[in-house]
Amino acid sequence: MSGWVKIAGLGPGNEALVTPEVTAALAEATDVVGYIPYVARVAERPGLTLHASDNRVEIDRSQHALRMAAEGKRVVVVSSGDPGVFAMAAAVFEALESGPDTWRDIPVEVLPGITAMLAAAARAGAPLGHDFCAINLSDNLKPWAVIEKRLRLAAQADFAMAFYNPRSKSRPEGFVKTLEILRQECEPERLILFARAVCRPDEAIHIATLAEATPDMADMQTVVIVGSSLTRVIDRPIGPIVYTPRSTPE
Numbered sequence: 150m151s152g153w154v155k156i157a158g159l160g161p162g163n164e165a166l167v168t169p170e171v172t173a174a175l176a177e178a179t180d181v182v183g184y185i186p187y188v189a190r191v192a193e194r195p196g197l198t199l200h201a202s203d204n205r206v207e208i209d210r211s212q213h214a215l216r217m218a219a220e221g222k223r224v225v226v227v228s229s230g231d232p233g234v235f236a237m238a239a240a241v242f243e244a245l246e247s248g249p250d251t252w253r254d255i256p257v258e259v260l261p262g263i264t265a266m267l268a269a270a271a272r273a274g275a276p277l278g279h280d281f282c283a284i285n286l287s288d289n290l291k292p293w294a295v296i297e298k299r300l301r302l303a304a305q306a307d308f309a310m311a312f313y314n315p316r317s318k319s320r321p322e323g324f325v326k327t328l329e330i331l332r333q334e335c336e337p338e339r340l341i342l343f344a345r346a347v348c349r350p351d352e353a354i355h356i357a358t359l360a361e362a363t364p365d366m367a368d369m370q371t372v373v374i375v376g377s378s379l380t381r382v383i384d385r386p387i388g389p390i391v392y393t394p395r396s397t398p399e
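Going by the working numbering, the sequence shown runs without a break in its numbering and finishes at 399.
Next comes the structure, spelled out in structure tokens:
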């Protein structure tokens, strides 16, 4: 079979953070499939067809990519950040598992990228310098009760936490509940990083304590990183650094 699928992460938004491996895959591709704003980041060229689609059609998009690869096309499925972190890689494998047996012969490769969580952490310093977890706060694909349980247990375990999709226009109450849960489980001085549009021209980084945090500090373009109880800030004239020490006292 001459066709293939490569699931590629385009990074957080700065073209300098797209890996050479992903750039090479896009140069070989006959077709690119993805969400409209991510496909828009791929330069048009002769011999390349761009297939942009709306949000929430991940399985349809994945099936389309696999069908084209079965026909011999070289298909890159694009995501922002890393395709394996709340993105398209899992959707492609879900479509592969439930699809025709012949699809299992298609070469499928995941090409990692720099996810927003890591880009945001790097901008601030090293808030994920010790044990941490990532939680998607969207309840589109899982019930809120599951999110709440994971939030509470992660806070009780004293993980640093990175939150994706914290506050949508249609469900703004989710982040209100998140802050309420954190205030029940964590001290008021707990550091929180709000990183909006990381690595893009309108990037905005804000550091607050849990006591100072308000729901309107986050939207769907924001990655929120909550420090552990050991996370600290180094105040400097040229800008603060937030980091979590590598060791935990006994």
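In this text, a Cβ means the ideal position worked out from N, Cα and C, and glycines have one as well.
Which residues in the same chain as residue i place their Cβ atom closer than 7 Å to its Cβ, once the five residues preceding and following it in sequence are excluded?
i: Phe-308; result: Asp-280, Phe-281, Cys-282, Ser-377
i: Trp-252; result: Leu-215, Ala-219, Leu-245
i: Pro-389; result: Ile-356, Val-382, Ile-383
i: Ala-270; result: Pro-276, Leu-277, Ile-374
i: Arg-332; result: Leu-359
i: Glu-204; result: Strictly speaking, residue 204 in this sequence is Asn, with Glu absent from that position. Cβ within range, chain order: Tyr-184.
Taking the Cβ atom as the reference point for each residue, do residue i and residue j lie within a distance shorter than 8 Å?
i: Val-124; j: Ala-268; result: The structure shown does not extend to residue 124, since the chain is modelled only from 150 to 399, so the question has no answer here.
i: Leu-277; j: Thr-397; result: no
i: Ile-284; j: Leu-300; result: yes
i: Ala-367; j: Arg-320; result: no
i: Pro-292; j: Leu-328; result: no
i: Tyr-187; j: Ser-202; result: no
i: Glu-336; j: Ala-304; result: no
i: Tyr-379; j: Thr-358; result: In the sequence as displayed, the identity of residue 379 is Leu instead of Tyr. For Leu-379 and Thr-358, no; Cβs fall outside 8 Å.
i: Gly-274; j: Val-391; result: yes
i: Ser-151; j: Gly-196; result: no
Can you tell which of the options has the C-alpha that lies nearest to the C-alpha of residue i?
i: Leu-161; options: Val-227, Ala-201, Ile-263, Ser-319; result: The sequence shown places Pro at residue 161, not Leu. When only C-alpha atoms are compared, the closest one is Ile-263.
i: Leu-260; options: Ala-303, Asn-289, Val-226; result: Val-226
i: Ile-255; options: Trp-153, Leu-379, Ile-390; result: Trp-153
i: Ala-294; options: Ile-330, Arg-272, Tyr-313, Ala-306; result: Ile-330
i: Arg-429; options: Val-234, Ile-156, Gly-230; result: Nothing about residue 429 can be reported from this structure: the residues present for the chain run from 150 to 399 only.
i: Arg-272; options: Glu-338, Arg-349, Thr-358, Leu-379; result: Arg-349
i: His-213; options: Gly-248, Leu-290, Leu-197, Val-191; result: Gly-248
i: Glu-193; options: Ala-270, Phe-312, Val-181, Glu-164; result: Val-181
i: Ala-240; options: Ile-208, Val-257, Asn-163, Glu-164; result: Ile-208
i: Lys-326; options: Glu-352, Arg-385, Ala-362, Val-206; result: Ala-362
i: Glu-352; options: Ala-265, Met-310, Arg-385, Pro-386; result: Ala-265
i: Leu-290; options: Glu-258, Met-217, Val-206; result: Val-206
i: Ser-211; options: Val-191, Val-257, Arg-190; result: Val-257
Name the DSSP bridge partner or partners of residue i?
i: Cys-282; result: Met-310
i: Trp-153; result: Arg-223
i: Gly-160; result: Gly-230
i: Phe-324; result: None, per the DSSP bridge assignment.
i: Arg-381; result: Tyr-392
i: Val-373; result: Phe-312, Phe-343
i: Tyr-187; result: Partner(s): none; Tyr-187 has no beta bridge.
i: Glu-258; result: Lys-155
Could you tell me whether any Cβ in chain D is nearer than 8 Å to the Cβ of residue i?
i: Arg-339; result: Any reference to chain D falls outside this structure, which holds one protein chain only.
Less than 6 Å between C-beta atoms, sequence neighbours within five positions excluded: which residues of the same chain meet that for residue i?
i: Ser-228; result: Gly-158, Ala-236, Met-237
i: Leu-199; result: Val-181, Val-188
i: Tyr-313; result: Phe-235, Asn-285
i: Glu-338; result: Thr-358
i: Ile-354; result: Arg-272, Ala-344
i: Ala-360; result: Pro-337
i: Asn-163; result: Cys-348
i: Asp-231; result: Gly-158, Pro-261, Gly-262, Thr-264
i: Glu-170; result: Leu-260
i: Thr-179; result: Lys-222, Arg-223
Residues in the same chain with beta-carbon distance under 8 Å from residue i, minus the five sequence neighbours each way, listed in chain order, please.
i: Gly-323; result: Leu-286, Ser-287, Asp-288, Trp-293, Ile-296, Pro-315, Arg-316, Ser-317
Inter-stretch contact (C-beta, 8 Å, three-pair minimum) for the segment 336–346 and the segment 363–374: With contact defined as three or more Cβ pairs closer than 8 Å, the segment 336–346 and the segment 363–374 are in contact.
Can you find at least 3 beta carbon pairs, one from the segment 244–257 and one from the segment 163–179, that sit closer than 8 Å? Taking a cut-off of 8 Å on C-beta distances, the segment 244–257 does not touch the segment 163–179, as fewer than three cross pairs fall below it.
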